Amino acid sequence: MRTVGVVVILAVAIALSISMLIARDAVTNKINTVKASTGTTVSVSPKGFFGFNGGGTPLSMTTIDALLNLPNVTAVQESFSEELSSSKTSLTSPTPAGQLGSQFGNGGGFGASGSTTFVIPVRVIGTNSPGNAVVGGANGGGTEKLTSGVAFSPTSTADVAIVGSTLAAKNNLKVGSTFTAWNTKITVVGIFNAGSTFTDASVLMPLATVQKLADAPNEVTSATIIVNTIGNVSSVDTAVTKALGSSADVTSTQATTEAALSPLNSVKTISTYTLIGSVIGAAIILLLSMLMIVRERRREVGVLKALGAPNRSINSQFIAESTTFTILGAIVGFVVGIAISSPITSALVSASGGSTSSNTGGFVRRAGGFAPGGSGFSPPTGAFANRGSGAFHFGGFSNTITQIHTSAGWSTLFFALIAAVVIAALGSTVAAATIVRIRPAEVLRSE
Amino acid sequence: MLKVENLDKTFRTGAGDVHAVRDVSFEAKDGELVAIIGASGSGKSTLLSLLGLLDAPDKGSIDLDGIELANLDSPGRTQFRSRQVGFVFQQFNLIPNLSARENVKLALEFAHWPKNDRDARAHEMLNLVGLDASKADRRPAKLSGGEQQRVAIARAFAAQPQLILADEPTGSLDKATGQKIVELLREVANTQKATVLVVTHDEKIAKKADRRLEIDDGILKEIT
Numbered sequence: 282m283r284t285v286g287v288v289v290i291l292a293v294a295i296a297l298s299i300s301m302l303i304a305r306d307a308v309t310n311k312i313n314t315v316k317a318s319t320g321t322t323v324s325v326s327p328k329g330f331f332g333f334n335g336g337g338t339p340l341s342m343t344t345i346d347a348l349l350n351l352p353n354v355t356a357v358q359e360s361f362s363e364e365l366s367s368s369k370t371s372l373t374s375p376t377p378a379g380q381l382g383s384q385f386g387n388g389g390g391f392g393a394s395g396s397t398t399f400v401i402p403v404r405v406i407g408t409n410s411p412g413n414a415v416v417g418g419a420n421g422g423g424t425e426k427l428t429s430g431v432a433f434s435p436t437s438t439a440d441v442a443i444v445g446s447t448l449a450a451k452n453n454l455k456v457g458s459t460f461t462a463w464n465t466k467i468t469v470v471g472i473f474n475a476g477s478t479f480t481d482a483s484v485l486m487p488l489a490t491v492q493k494l495a496d497a498p499n500e501v502t503s504a505t506i507i508v509n510t511i512g513n514v515s516s517v518d519t520a521v522t523k524a525l526g527s528s529a530d531v532t533s534t535q536a537t538t539e540a541a542l543s544p545l546n547s548v549k550t551i552s553t554y555t556l557i558g559s560v561i562g563a564a565i566i567l568l569l570s571m572l573m574i575v576r577e578r579r580r581e582v583g584v585l586k587a588l589g590a591p592n593r594s595i596n597s598q599f600i601a602e603s604t605t606f607t608i609l610g611a612i613v614g615f616v617v618g619i620a621i622s623s624p625i626t627s628a629l630v631s632a633s634g635g636s637t638s639s640n641t642g643g644f645v646r647r648a649g650g651f652a653p654g655g656s657g658f659s660p661p662t663g664a665f666a667n668r669g670s671g672a673f674h675f676g677g678f679s680n681t682i683t684q685i686h687t688s689a690g691w692s693t694l695f696f697a698l699i700a701a702v703v704i705a706a707l708g709s710t711v712a713a714a715t716i717v718r719i720r721p722a723e724v725l726r727s728e
Numbered sequence: 526m527l528k529v530e531n532l533d534k535t536f537r538t539g540a541g542d543v544h545a546v547r548d549v550s551f552e553a554k555d556g557e558l559v560a561i562i563g564a565s566g567s568g569k570s571t572l573l574s575l576l577g578l579l580d581a582p583d584k585g586s587i588d589l590d591g592i593e594l595a596n597l598d599s600p601g602r603t604q605f606r607s608r609q610v611g612f613v614f615q616q617f618n619l620i621p622n623l624s625a626r627e628n629v630k631l632a633l634e635f636a637h638w639p640k641n642d643r644d645a646r647a648h649e650m651l652n653l654v655g656l657d658a659s660k661a662d663r664r665p666a667k668l669s670g671g672e673q674q675r676v677a678i679a680r681a682f683a684a685q686p687q688l689i690l691a692d693e694p695t696g697s698l699d700k701a702t703g704q705k706i707v708e709l710l711r712e713v714a715n716t717q718k719a720t721v722l723v724v725t726h727d728e729k730i731a732k733k734a735d736r737r738l739e740i741d742d743g744i745l746k747e748i749t
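In order, the protein sequence lines correspond to chains A and B. Whatever position you read off the first sequence (first residue = 1), add 281 for my numbering. Whatever position you read off the second sequence (first residue = 1), add 525 for my numbering.
Spelled out as structure tokens, the structure:
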């Protein structure tokens with residue numbers, strides 16, 4: 282009965298250790314995944330710039346290109362965007378103005394005034410990194426995927442374009458079709474889909490071509506600096522800020538990522554401490570149990586010593602017992618730990634303030650809104666959307682950040698084995714130390 | 526042949542020194558059964574601990590067949606005890622989760638008897654003390670007190686030690702069984718040519734011994 286009790290208590294402690302280990306691994310994987318996907322970029326935009334609503338002077342491409350020479354910078358993605366009204370392009374936006382568009386259009390911006398019918402302009406993005414999230418993130422979509430045709434090269438100067446799927450459908454465009462922009466015939470070489478109506482109403486063209494046609498040589502309206510590791514984002518942010526001075530707004534994703542991941546980091550800390558605590562707890566349980574067992578069998582130990590048993594022989598018997606307890610506890614604990622790891626992880630994430638609310642990303646209504654006419658800057662690219670409060674907020678993945686998948690791999694099994702060995706060793710050590718101190722003469726004299 | 530000379534042992538306690546064994550000297554021949562009698566606290570158990578190498582004397586000599594034992598270190602005493610000393614206790618002190626046969630084999634294991642011979646030797650010893658095969662595989666709890674003491678005697682003699690120390694071996698048995706056990710001790714001692722020292726406070730048991738020694742306040746005297 283006592284043996285069952287010891288095994289059950291050990292199993293509970295080991296189950297808690299295993300579930301904490303699994304929770305910790307799952308959260309760590311999630312944190313790493315999020316950091317790997319969002320945390321290694323620094324965004325650059327002209328000072329005071331915010332999409333169609335801000336101002337600012339375009340940045341110099343020469344200056345931006347020079348950022349590639351900074352330490353830990355692996356790539357620089359540049360873009361130059363313009364909103365083309367019907368007077369500048371043959372394309373018609375597939376996006377209806379609707380109530381919001383009419384309200385914003387009449388309210389100001391893009392040169393509209395009075396009761397003029399508002400027409401959504403067509404956004405053209407010149408980029409040197411086609412296919413690499415230029416129209417995703419803040420613009421409501423994701424990395425664009427070609428559904429037909431081919432992409433142009435990053436250094437192309439040809440009058441070619443990749444057209445968003447909804448814009449292509451609205452204007453009956455296919456690969457090989459042509460349209461006009463800035464009075465120039467542009468050939469469609471591909472159709473893309475980026476996941477939202479807004480982004481799929483855009484046109485992607487080579488950066489050099491747009492700069493040439495818009496008469497804006499050497500100008501860029503946004504850039505994304507790719508950093509080699511998350512740990513270097515802060516230093517690159519500082520270096521870019523220093524290099525560009527007051528001409529640009531520099532924002533990195535690191536701080537925002539860290540803030541968003543804060544609940545998960547809390548869970549990781551909690552699970553680490555609980556893991557350590559439960560392993561120590563299991564060791565103490567076994568240690569006290571073995572101490573009790575050795576004390577109860579003090580006479581037996583004394584008799585064995587009187588018969589000539591060496592300490593190592595008696596110790597090995599007790600070590601075998603404590604190892605048996607631990608192995609039984611570890612087997613039961615491992616199974617139970619795996620079973621309860623998922624609900625425990627969910628409970629920890631919820632208790633740590635992780636939100637499970639869904640945010641589909643994209644633009645959120647702000648005062649000022651869209652307005653037709655003139656040139657506009659596209660907002661910084663990246664994985665965050667602006668909510669209008671001035672602070673960045675997770676857009677596309679806040680709904681998935683708390684969706685954590687738990688699983689037990691070989692590493693978990695290996696840990697369980699190591700923990701069992703450590704626990705058994707600690708338990709046995711005390712038993713051994715007690716056994717060595719038992720003097721048979723004293724034990725047998727007390728008969 | 527056991528030869529003890531000037532053996533002395535003092536315990537230091539909070540209440541002062543306790544001189545448990547004082548200048549004890551005596552001899553015992555192979556195959557001889559010697560009874561040591563004395564009241565509680567007279568020092569007889571301490572004397573047995575010293576002779577059984579469970580404790581070291583402060584001074585004096587213990588010579589067994591020409592080997593000086595008093596100056597052995599702890600591992601040396603353990604090794605010598607496993608091969609040359611057998612114990613029989615009042616409470617039998619068999620290992621409860623082992624069968625009678627396994628208890629006997631345990632002593633053989635500690636004495637490093639060849640593995641292949643242990644079963645046969647255990648069987649032989651259990652036969653010698655009058656336990657048949659049907660009881661050899663029973664655990665101590667399934668045996669009577671007399672049977673348990675027989676197993677203990679079989680265990681004590683199994684490794685063919687030169688010295689057997691029996692501490693109140695009949696203390697937990699009825700009179701008739703106690704008599705049989707003492708006779709058994711004498712018989713086995715003769716068979717194996719071992720010296721047997723029996724500590725007892727029962728005069729009737731002591732009278733069955735070849736010689737009687739009395740210990741009082743740590744001082745040992747021969748009773749003639």
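Cβ coordinates follow ideal geometry from the N, Cα and C atoms, glycine included. What you are looking at is a predicted structure, and each value in this text was computed from that prediction instead of being measured.
DSSP, reduced to helix, strand and coil, places B/His637 outside both helices and strands of the structure shown, so it counts as coil. Comparing alpha-carbon positions, the option among A/Gly286, A/Gly618 and A/Thr461 lying closest to A/Ile303 turns out to be A/Gly618. In this structure, DSSP gives A/Phe615 a helical state, which the three-state scheme calls helix. Chain order gives the chain B residues near A/Arg580 as Gln616 and Asn618, where near means a beta carbon separation below 9 Å. For the 8 Å CB-CB criterion, A/Gly407 and A/Leu488 form a contact.
B/Ala658 is positioned such that its CB atom lies no closer than 8 Å to that of B/Val629. Residue-level contact check: A/Ala713 does not touch chain B, since none of the beta carbons of chain B fall below 8 Å from its beta carbon. When Cβ-Cβ separations below 8 Å define contact, B/Phe635 makes contact with chain A. For A/Thr502, the secondary structure class from DSSP, reduced to helix, strand or coil, is coil.
The Cβ of B/Thr603 sits closer than 8 Å to at least one Cβ of chain A. Residue nearest to B/Leu656 within the set B/Gly671, B/Asp644, B/Ala666 and B/Asp642 is B/Gly671 (criterion: CA-CA distance). Taking the C-beta atoms as reference points, A/Val444 is found no nearer than 8 Å to A/Val405. About 5 Å separates the beta carbons of A/Val491 and A/Phe361, which is inside the 8 Å limit, making them a contact pair. At a cut-off of 8 Å between C-beta atoms, B/Gly577 counts as an interface residue with respect to chain A. DSSP places B/Ile620 in no alpha helix (DSSP H); its state is neither H nor E. When the five nearest sequence neighbours on each side are left out, the beta carbons in the same chain lying within less than 7 Å of the beta carbon of B/Leu589 are those of Leu527, Gln609, Gln687 and Leu688, in order along the chain. Contact annotation: the region 667-682 of chain B touches the region 692-704 of chain B, with at least three C-beta pairs closer than 8 Å. In the three-state reduction of the DSSP assignment, A/Val517 falls in the helix class, which pools H, G and I.
Under the 10 Å beta carbon count, B/Glu649 is surrounded by fewer than 16 other beta carbons and is classified as exposed. Residues of the region 530-545 of chain B that bring their beta carbon within less than 8 Å of a beta carbon in chain A are absent altogether. Per DSSP, A/Glu359 is not a residue of any alpha helix (DSSP H); the beta strand (DSSP E) it occupies stretches across Val354 to Leu365.
A/Thr604 sits in a helix when the DSSP states are folded into three classes.
With fewer than 16 other Cβ atoms inside 10 Å of its own Cβ, A/Ile699 counts as exposed. Using a CB distance cut-off of 8 Å, A/Pro624 does not count as an interface residue toward chain B.
Under the Cβ criterion of 8 Å, B/Arg547 is not counted among the residues facing chain A. Interface flag for A/Val584 against chain B is set, since a Cβ pair is found closer than 8 Å.
B/Ser599: member of the alpha helix (DSSP H) spanning Ser599 to Gln609, first to last residue. Looking at A/Asn509, A/Ile600 and A/Thr519, the one whose alpha-carbon comes closest to that of A/Ala317 is A/Asn509. Neighbours of A/Arg726 across chain B, judged by C-beta separation under 8 Å: Ser570, Thr571 and Ser574. Membership of B/Gly670 in the alpha helix (DSSP H) is indicated by the continuous run Gly670 to Ala683. Of all C-beta pairs linking the region 601-619 of chain A to the region 291-303 of chain A, three or more are shorter than 8 Å, placing the two stretches in contact. Around the C-beta of A/Val616, fewer than 16 other C-beta atoms lie within 10 Å, and the residue is accordingly described as exposed. Contact annotation for B/Ala632 against chain A: Leu588 and Gly589 [CB-CB distance below 8 Å, chain order].
Residue contact check for A/Ala722 against chain B: a CB pair falls below 8 Å. Under the Cβ criterion of 8 Å, B/Phe682 is not counted among the residues facing chain A. Against chain A, the CB of B/Arg606 has a partner CB under 8 Å away; the residue lies at that interface.
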